[in-house]
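Presented below is the structure to which this report refers.
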Amino acid sequence: MYSNNISAAQIHQDYQRRVRESERQQTQAVVEPATRNDEDDEANASETPEQKKRKRRESAAVQKIKQSKEFARRKARRTGEPNGDDNTIAREMLYEKARPMPGQLENCEICSKRFTVTPYSKTGPNGGLLCAKCSKDLEDKEKKSKPRKRGPRSGRRQNQSNLLDGVTQRGAQSLVETCTKKVADNINDIEEFGDLPSPLLHRLSQILSKRRALNSRTLNLFLRPDLDSINIYDCAKLETDDFQKIFAFMPGLERINLRFAGQMKDNVLEYIMNRDLKISHLQLDATNLISDGCWRLFFHKYGLRLKSLKLSNLDFSLDDDTVEEMCMSCNGLERLKLEQCWKVGDRSLRAISTLASLEHLSLSMIREVNNDNLLGIIDNLGPNLRTLSLEGFPAADNRLLEHIHNRCHLLSKLRFTGNTICTDNGFVELFRDWTNPPLEYVDLSSTRDVDNTNPDGPPEPVGLASQGFIALMKHSGPRIRVLNIASCRHVSHAALEEVFSGDKRYPHLQELDVSFHTSIDDYLVKHILRSCPAIKKVVAFACFNIQEVQVPVGVALIGGLKAQDPIIVEGEFQGHMGC
Amino acid sequence: MTTSSSEYVTLVSGDGFEFILPRSTACVSGTIRRMLEPTSNFSEAITGRCVLENISGIVLEKVCEYFCYNEKNKDQVNVPDMDIPPELCLELIMAADYLNT
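Sequence lines, in order, name chains W and R. full-length UniProt numbering applies: residue 1 is where the first sequence begins, and numbers increase by one. full-length UniProt numbering applies: residue 1 is where the second sequence begins, and numbers increase by one.
Put into structure tokens, the structure is as follows:
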């Protein structure tokens, strides 16, 4: 190694010393005590042999570190940084290793107390270790400052949630709504509501039901003898006694709306009959523990008083015999809704067709039924009906539309969904020259051909297709408020363009559902927004051709957009439309 | 008579506290807006003073805070809910319902 009096190690050591000295002058940084001692030594011109030995050992260690993998990793990470040169990094690593290991004693950097180092000991502001108490203080401080660091949240999730609810309101929420939510937040601390007005109680019930916070205790808040209605949207946590309590506390009840009332049993209905309440509007959901015998007795004794009856999700009771008894007894019934009642079949339909006073009928069937029975209902009740909702009649054919056309002249709402038989021509015939005034609410979703091997459908279109849609809008356009044509897949781009083109206006249309119309594109959405000045909500799930649409303030465009946030245009929308 | 179209109006609580607010701010409330409607000839509209007998000073203060909060956040998106002390919320909800806010 020694040739010509030159030693590579010597050169290297000299170089290292120079680097260290210049660094010390530049930064004057406070380093670990060991480093300080070391550098003090270097400052001395005369070095004792021991010091020299130590320095040699150190430089050997540094050399070793420089060859380690960890060193390479750190270097790669810090290239370009001011203190990224090899020796600094290596020395950093060396002294890091020299830090006290867990179990050793050390003086706390802040309070100078002696303590045992643990893996949880924190590093203080100057690099020393902290005792347990100071570590905890430091941690608390970090925790507190964290939320402030995060800054204002974008609220995108909340925005999307509001959008799905159709809420596009800007500015602060109303004080009533804010307070109602606050009351719901603190529901467990509230003893009674006092004389809160009925609409606010209703809203509170909705919020609490949604949060699944309605139980025996919170129910008590809603039991007010002075009110004539009760609306509980989630009775799942109520016991049989709670239902009895409702009717015991509120003798003036006329309108009852209890959903998910699974624990309501025969004796509750019997109690109602014994108390001789004046119930005229009854809506019960999922009351499967009430037997058919009890239903029949109830209808027999109570039927005449009922004006409105809505029963849903009954899979265990309410069979054809019971419906027949109901239709015989409830002669004053104006509104009937039977939704997802598994035992309701053909005989029930025949019985319903005798309810002469019915004005609102809503049927959502599980069982398959004979078309003729449905036609019988339309023939007998049609002239009186104001709203008609038919779901779960997949086999009904054009004759149904024909009968509606001939018999119904007072309808304002029509729902007929999930049918695969009625043809486009049938719909054209329904709406052409119909003496019924324009409809306000139309839902013809999912009326289309479903044959996976033939996505375009048969040559004569099935379901509401181009011509039917044009006829519908021609008939109902002036008054239509809500329109749902989701999944009516055979409506063409040209038909949509014709309906929403240039000068056509639908002044009352507020909600439009065009989900699964792949022909809807940016161009059509623009035209829809222009021809419907009152529009509030456009539902467009799976409309993949909607790419970038400027959505005006106050309109909720749900789904459809590939962009995650709808683009909101300030100010008057019409002014922006040059085309 | 002189203050009928003044820029500020006074709201008086049942227990005698007075709150002076810009007219537009107070008109966040539908009830107060109709009280102050210049064409109505109500005494409130003429004097610019609304006495709200059934609202206490503490609640009315919070209501006024909400008026300003509403005015400040007009036309903004993502407005956080105003902070309401839980013990006030039942009284406040009654007042808010009465004031149509």
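Positions of the beta carbon are idealized from the N, C-alpha and C atoms, including for glycine.
Item to check | Residues sharing a beta bridge with aspartate 513 of chain W, DSSP | outcome: Bridge partners of aspartate 513 of chain W: W:Asn484, W:Val539.
Checklist entry - For the alpha helix (DSSP H) that contains proline 199 of chain W, what are its first and last residues? => result Here the alpha helix (DSSP H) through proline 199 of chain W covers 198-210.
Checklist entry - Looking at C-alpha atoms only, which residue of W:Glu339, W:Ser317, W:Leu304 is the closest neighbour of cysteine 330 of chain W? => result Nearest to cysteine 330 of chain W by C-alpha distance, out of W:Glu339, W:Ser317, W:Leu304, is W:Leu304.
Item to check | Distance between beta carbons of cysteine 488 of chain W and leucine 92 of chain R, contact taken as under 8 Å | outcome: Beta-carbon to beta-carbon, leucine 92 of chain R and cysteine 488 of chain W are separated by about 48 Å, too far to satisfy the 8 Å threshold.
Item to check | Status (buried if at least 16 other CB within 10 Å, exposed otherwise) for glutamine 263 of chain W | outcome: Buried, because 16 or more other Cβ atoms sit within 10 Å of the Cβ of glutamine 263 of chain W.
Checklist entry - Which of the three DSSP states, helix, strand or coil, is assigned to threonine 417 of chain W? => result Reduced to three states, the DSSP call for threonine 417 of chain W is strand.
Checklist entry - How far does the beta strand (DSSP E) with cysteine 340 of chain W in it reach, from first residue to last? => result Strictly speaking, residue 340 of chain W in this sequence is glutamine, with cysteine absent from that position. 335-341 is the extent of the beta strand (DSSP E) around glutamine 340 of chain W.
Checklist entry - Applying a beta-carbon distance threshold of less than 7 Å, which residues of chain R neighbour aspartate 189 of chain W? => result Residues of chain R with a Cβ closer than 7 Å to the Cβ of aspartate 189 of chain W are, in chain order, Pro86.
Item to check | Residues that threonine 173 of chain W contacts on chain R, provided the C-beta gap is smaller than 8 Å | outcome: First, the residue type needs correcting, since residue 173 of chain W is glutamine and not threonine in the sequence shown. Under the 8 Å cutoff, chain R gives Val79, Asp81.
Item to check | For leucine 11 of chain R and isoleucine 20 of chain R, the rounded distance between their alpha carbons | outcome: About 6 Å.
Checklist entry - Contact between the stretch 295-302 of chain W and the stretch 263-281 of chain W: three or more CB pairs below 8 Å? => result Counting Cβ pairs under 8 Å, three or more are found: they touch.
Checklist entry - Nearest-angstrom Cα distance between leucine 363 of chain W and asparagine 313 of chain W? => result Taken atom to atom, the span from the alpha-carbon of leucine 363 of chain W to that of asparagine 313 of chain W is near 12 Å.
Next on the checklist: For valine 63 of chain R, report the span of its alpha helix (DSSP H) as first-last.
Outcome noted: Residue range 57-72 is occupied by the alpha helix (DSSP H) that includes valine 63 of chain R.
Checklist entry - If you follow the alpha helix (DSSP H) that proline 49 of chain W is part of, which residue opens it and which one closes it? => result 49-66 is the span of the alpha helix (DSSP H), which, as asked, contains proline 49 of chain W.
Checklist entry - With DSSP run on the structure shown, which of helix, strand or coil describes valine 9 of chain R? => result In this structure, valine 9 of chain R counts as strand in the three-state DSSP scheme.
Item to check | cysteine 131 of chain W in three-state terms, based on DSSP | outcome: In this structure, cysteine 131 of chain W counts as coil in the three-state DSSP scheme.
Checklist entry - Can you give the beta carbon distance from phenylalanine 260 of chain W to leucine 223 of chain W, rounded, assuming they're within the 8 Å contact cut? => result With 8 Å as the limit, phenylalanine 260 of chain W and leucine 223 of chain W do not qualify as a contact, their Cβ atoms being about 18 Å apart.
Checklist entry - For residue 593 of chain W versus histidine 508 of chain W, is the C-beta spacing smaller than 9 Å? => result Because chain W here runs from 1 to 579, residue 593 of chain W falls outside it and cannot be looked at.
Checklist entry - Would a C-beta distance cut-off of 9 Å place valine 549 of chain W and glutamate 511 of chain W closer than the cut-off? => result The answer is no: Cβ separation not under 9 Å.
Next on the checklist: With H, G and I counted as helix, E and B as strand and the rest as coil, what does DSSP make of alanine 556 of chain W?
Outcome noted: The answer is strand: DSSP assigns alanine 556 of chain W an E or B state.
Item to check | Cβ-based burial, methionine 473 of chain W [other Cβ within 10 Å; buried from 16] | outcome: In the assembly as shown, methionine 473 of chain W is a buried residue. Its beta-carbon has 16 or more other beta-carbons within 10 Å.
Checklist entry - To the nearest whole angstrom, what separates the beta carbons of valine 63 of chain R and alanine 95 of chain R, a pair I think is in contact under 8 Å? => result With a Cβ gap of about 6 Å, valine 63 of chain R and alanine 95 of chain R count as contacting.
Next on the checklist: Strictly under 9 Å for the Cβ-Cβ distance: is threonine 354 of chain W near chain R by that measure?
Outcome noted: Judged by the 9 Å Cβ criterion, threonine 354 of chain W is not in contact with chain R.
Next on the checklist: Does the contact criterion of 3 or more C-beta pairs under 8 Å hold for the stretch 376-384 of chain W versus the stretch 405-418 of chain W?
Outcome noted: Touching, yes.
Item to check | glutamate 32 of chain W, DSSP secondary structure in three states | outcome: The predicted position of glutamate 32 of chain W is uncertain, since its pLDDT is 46 and thus under 50; a value taken from the coordinates is nonetheless stated next. It is coil, neither helix nor strand.
Checklist entry - Is there contact between the stretch 348-365 of chain W and the stretch 322-339 of chain W, where contact requires at least three CB pairs shorter than 8 Å? => result With a cut-off of 8 Å on Cβ pairs, the stretch 348-365 of chain W is in contact with the stretch 322-339 of chain W, counting three or more such pairs.
Checklist entry - CB serine 519 of chain W to CB histidine 493 of chain W, shorter than 9 Å? => result In this structure, the beta-carbon distance from serine 519 of chain W to histidine 493 of chain W falls below 9 Å.
Checklist entry - In three-state DSSP terms, what is proline 478 of chain W? => result Coil, per DSSP.
Next on the checklist: Can you find the residues in the same chain that come closer than 8 Å, C-beta to C-beta, to isoleucine 207 of chain W, ignoring five residues on each side of it along the sequence?
Outcome noted: Excluding positions up to five away in sequence, the list reads Thr180, Lys181, Ala184.
Item to check | Closer than 9 Å to chain W by CB, alanine 26 of chain R | outcome: Interface flag for alanine 26 of chain R against chain W is unset, since no Cβ pair is found closer than 9 Å.
Checklist entry - Does any C-beta atom of chain R lie closer than 9 Å to the C-beta of valine 176 of chain W? => result For valine 176 of chain W, the answer is yes, since a Cβ of chain R falls inside 9 Å of its Cβ.
Next on the checklist: Relative to the C-alpha of cysteine 89 of chain R, which candidate in W:Asp346, W:Tyr15, W:Leu204, W:Ser22 has its C-alpha closest?
Outcome noted: Of the listed residues, the one whose Cα sits closest to cysteine 89 of chain R is W:Leu204.
Checklist entry - Assuming threonine 25 of chain R and cysteine 68 of chain R make a contact with CB atoms under 8 Å, what is their CB distance in whole Å? => result About 6 Å separates the two Cβ atoms, so the contact holds.
Item to check | Residue(s) in a DSSP beta bridge with lysine 310 of chain W | outcome: Residue pairing of lysine 310 of chain W in beta bridges, as defined by DSSP: W:Gln283, W:Lys337.
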